[in-house]
Amino acid sequence: MKAITDPRARRVRVAAAGGALALALFTAACGGHDSGNGNSADHNMGGQPSASAPRTGATFNGTDVKFATDMIPHHQQAVDMAKLAETKAATPAVKDLAARISKAQGPEIATMSGWLKAWGEPVPSAGAMDHGMDHSMPGMMSQQEMQQLAAASGTAFDKMFLTMMIKHHEGAVEMARTEQEKGADPAAKKLAADIATSQTAEIAEMKAMLAKL
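Heads up: the sequence shown runs through residues -31 to -1, 1 to 182, numbered per mature numbering (1 follows the signal peptide of the UniProt record, and there is no 0).
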């Protein structure tokens, strides 16, 4: 009897083992599929930007726009004042300072205009530059003050020019520091830092010049 039953028993054991193996393989396959979905979700959450993610490249904010929009006419007024010094100043040092102001701030106007265009923001036109803005921006001269400066000459012009430009520079430094603190665009913040540094130095220079007149 052993010779007859043993093969059957072996077949039963083989069949049972085969069923267990199939069940194990099925379970593993299902588990692997679930794990794969989890990994995929983790990958999408951690490594891929979602549809609601902020646009890359939008490096600027409202402070950057205001800085450029306001600093363009502010710079333009300084350039206009510097141009008056070419023919009306009596002191070579004042003429030299005025020339440096024009040389520095003219290109900065072009740079900031380029930013506004790239950001899709309106660029203040030369015709929109109104010296009658008075206190709309720190340090801006009124139309009356600009007329008084244009009417002066010699040492009187030098004193008026330096007094006004000190105030003008102080306003620019204030605007630049706001940009440094609250702006987002790296280039705009870098320019603001340069303006604060250079114009603070020029304020000290002008105060020393004014004390000698």
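For each residue, glycine too, the CB sits at the ideal point set by N, CA and C. Values in this document were obtained by computation on a predicted structure and should not be read as measured data.
Approximately 7 Å separates the beta-carbon atoms of M109 and G140; this is inside 8 Å, confirming the contact.
CA-CA distance, D163 to Q117, rounds to 30 Å. Taking 8 Å as the cut-off, the Cβ atoms of A157 and A37 count as close. When secondary structure is reduced to three states using DSSP, A121 falls in the coil class, being assigned neither helix nor strand.
With distances taken between CA atoms, M50 lies nearest to M133 out of T124, M133 and P91. Bridge pairing for A58: G123 [DSSP]. Short of 8 Å from the beta carbon of A153, and not among the five residues preceding or following it, lie these beta carbons of its own chain, in chain order: T28, F29, N30, T32 and D33.
Per DSSP, the unbroken alpha helix (DSSP H) holding D163 starts and ends at P155 to K181.
With a threshold of 16 other beta carbon atoms within 10 Å, E171 meets it and is buried. Proximity to L85 across L179, M40, Q149 and A177 peaks at M40, based on C-alpha coordinates. The residues A54, E55 and A58, in chain order, have a CB closer than 8 Å to that of K64 in the same chain once the five nearest residues on each side in sequence are set aside. Note on geometry: alpha-carbon atoms of T124 and L182 lie some 8 Å from one another. Taking a contact as a CB-CB distance under 8 Å, the pair K176 and I135 counts as one, their CB atoms being some 6 Å apart. Going by C-alpha positions, E148 is about 15 Å away from H44.
Counting every other CB atom within 10 Å of its CB across the protein chains shown gives A95 a total below 16, marking it as exposed. For the pair T60 and L160, the CB atoms are not nearer than the 8 Å cut-off. Note on Q112: under 16 other CB atoms within 10 angstroms of its CB, so exposed under the neighbour-count rule.
For T166, the closest C-alpha among the options M178, L179, H138 and A180 is that of H138.
Counting only the Cα atoms, E150 lies some 23 Å from P91. In the three-state DSSP reduction, F29 falls in the coil class, being neither helix nor strand.
Note on geometry: alpha-carbon atoms of M144 and K128 lie some 25 Å from one another.
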